[in-house]
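In the numbering used here, the protein residues as written are 226 to 551.
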């Protein structure tokens with residue numbers, strides 16, 4: 226690629242925005258040219274004349290106001306907020322899982338009267354640790370039930386949301402709306418496009434607990450799963466090891482890394498695997514309630530945050546050529 230694609234960031238001064246800025250600094254495809262302050266988010270005309278794609282790290286309140294405005298001005302928007310994720314014409318993308326959902330973008334543009342702009346959502350950071358490992362197992366053996374307990378890092382709460390005195394020497398067994406997102410969003414990602422909308426998967430139950438723990442980065446999931454066709458442990462590990470990586474700049478060469486040690490994965494030791502883009506799994510063993518249980522770990526600020534958003538943009542460019550240098 227000779228000429229880089231000019232991109233912008235909304236909310237570039239927060240935790241997520243700073244990760245976007247760092248990862249875009251030497252990106253081979255994208256060049257950051259637009260990063261307004263929170264007081265200048267209405268500079269939409271400037272954005273549309275200087276860049277082709279926007280990474281939005283805005284809060285839900287700001288995203289609800291501004292993201293559609295940027296899309297209607299002809300810009301592609303990769304959204305990190307939850308305010309559009311339930312819209313049936315807005316895809317929630319994990320590139321290794323549901324790239325086919327990008328087909329809905331043409332219907333989204335027709336429905337909303339956007340000639341070039343679009344909105345694609347990054348899913349909630351809580352689901353990255355278990356949905357990617359479950360996906361190839363679901364394709365082979367059909368997942369029926371999932372029970373997951375999340376131990377979520379403090380960086381997922383942002384700079385100002387969680388006062389330090391609340392989390393020191395503490396575990397908080399409640400994160401607003403996280404359990405609902407953790408149960409709902411996987412069903413949409415595993416769903417299908419029918420009747421010009423994304424219809425979530427049915428006949429699958431997910432039960433989630435989400436807890437905030439005093440770890441800086443890294444969301445850990447303790448998962449129990451039941452299958453229609455119960456696999457052996459050997460089949461589970463073979464399915465993970467044969468999972469195909471994507472040929473994109475930010476994609477991990479090993480999307481799923483299995484650790485055989487009894488005490489892995491650990492946030493401090495494993496969250497940075499494959500530059501923070503891999504999911505590390507371990508402790509696969511029989512479950513006395515369902516079929517099997519395992520532990521999964523992801524870097525919430527990279528795979529579950531800016532790195533995941535950039536990977537979505539790479540996927541869109543590679544598949545759709547939806548935006549490209551003039």
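Glycine is no exception: its CB is placed at the ideal position from the N, C-alpha and C atoms. Because the structure is a prediction, the values reported are computed rather than measured.
Residue closest to residue i, alpha-carbon to alpha-carbon, out of the options
i: residue 300; options: 278, 319 and 421; result: 278
i: residue 228; options: 272, 276, 247 and 264; result: 276
i: residue 309; options: 326, 493 and 345; result: 345
i: residue 371; options: 430, 363, 503 and 322; result: 430
i: residue 376; options: 369, 400 and 357; result: 400
i: residue 489; options: 477, 505, 499 and 474; result: 505
i: residue 482; options: 440, 252 and 522; result: 522
i: residue 486; options: 494, 239 and 420; result: 494
i: residue 239; options: 496, 531 and 542; result: 531
i: residue 339; options: 544, 508, 261 and 294; result: 294
i: residue 544; options: 290, 271, 471 and 287; result: 471
i: residue 403; options: 425, 378 and 418; result: 378
i: residue 507; options: 458, 539, 320 and 535; result: 458
i: residue 539; options: 288, 319 and 270; result: 319
Whether residue i touches residue j by CB criterion (8 angstroms)
i: residue 382; j: residue 408; result: no
i: residue 518; j: residue 448; result: yes
i: residue 323; j: residue 410; result: no
i: residue 242; j: residue 234; result: yes
i: residue 437; j: residue 392; result: yes
i: residue 368; j: residue 445; result: no
i: residue 528; j: residue 353; result: yes
i: residue 499; j: residue 484; result: no
i: residue 516; j: residue 455; result: yes
i: residue 435; j: residue 380; result: no
i: residue 305; j: residue 282; result: yes
i: residue 244; j: residue 476; result: no
Rounded straight-line distance, which links the Cα of residue j to that of residue i
i: residue 329; j: residue 298; result: 19 angstroms
i: residue 570; j: residue 366; result: This structure gives no information on residue 570, because the portion of the chain shown stretches from 226 to 551.
i: residue 427; j: residue 405; result: 16 angstroms
i: residue 373; j: residue 356; result: 11 angstroms
i: residue 257; j: residue 250; result: 7 angstroms
i: residue 236; j: residue 395; result: 29 angstroms
i: residue 303; j: residue 537; result: 8 angstroms
i: residue 347; j: residue 307; result: 9 angstroms
i: residue 292; j: residue 466; result: 38 angstroms
i: residue 388; j: residue 397; result: 12 angstroms
i: residue 284; j: residue 248; result: 20 angstroms
i: residue 260; j: residue 342; result: 18 angstroms
i: residue 533; j: residue 358; result: 16 angstroms
i: residue 514; j: residue 232; result: 48 angstroms
i: residue 286; j: residue 265; result: 15 angstroms
i: residue 425; j: residue 363; result: 15 angstroms
i: residue 296; j: residue 452; result: 40 angstroms
Nonlocal neighbours in the same chain, by C-beta distance under 6 angstroms from residue i, ignoring five residues either side
i: residue 549; result: Residue placement at residue 549 cannot be trusted, given a pLDDT of 42 that sits under 50; what the coordinates show is reported in the next sentence. The answer is none, since no qualifying residue turns up.
i: residue 361; result: 464 and 468
i: residue 492; result: 440 and 443
i: residue 253; result: 474
Contact set for residue i: own chain, Cβ-Cβ below 7 angstroms, skip 5 residues either direction
i: residue 423; result: 313, 316, 326, 329, 413 and 416
i: residue 332; result: 314 and 421
i: residue 512; result: 449 and 518
i: residue 551; result: For residue 551, the predicted structure reports a pLDDT of 33, less than 50, and the residue's modelled location is therefore unreliable. The matter cannot be settled from this model.
Go through the segment 248-290 residue by residue and report every complete run of the beta strand (DSSP E) that reaches 3 residues or more, in order.
DSSP runs (the beta strand (DSSP E)) wholly in the segment 248-290: 255-259 and 278-281.
Enumerated in chain order, which unbroken segments of the beta strand (DSSP E) with a length of 3 residues or greater are wholly contained in the segment 308-332?
With a minimum length of 3 residues, there is no unbroken run of beta strand (DSSP E) contained wholly in the segment 308-332.
May I have a chain-ordered list of the beta strand (DSSP E) segments no shorter than 3 residues that lie completely inside the segment 419-443?
You should have 422-424 and 430-437.
Within the segment 456-506, ranges of the alpha helix (DSSP H) (whole runs, at least 4 residues):
Segments of the alpha helix (DSSP H) lying fully in the segment 456-506: 458-466, 492-495 and 498-501.
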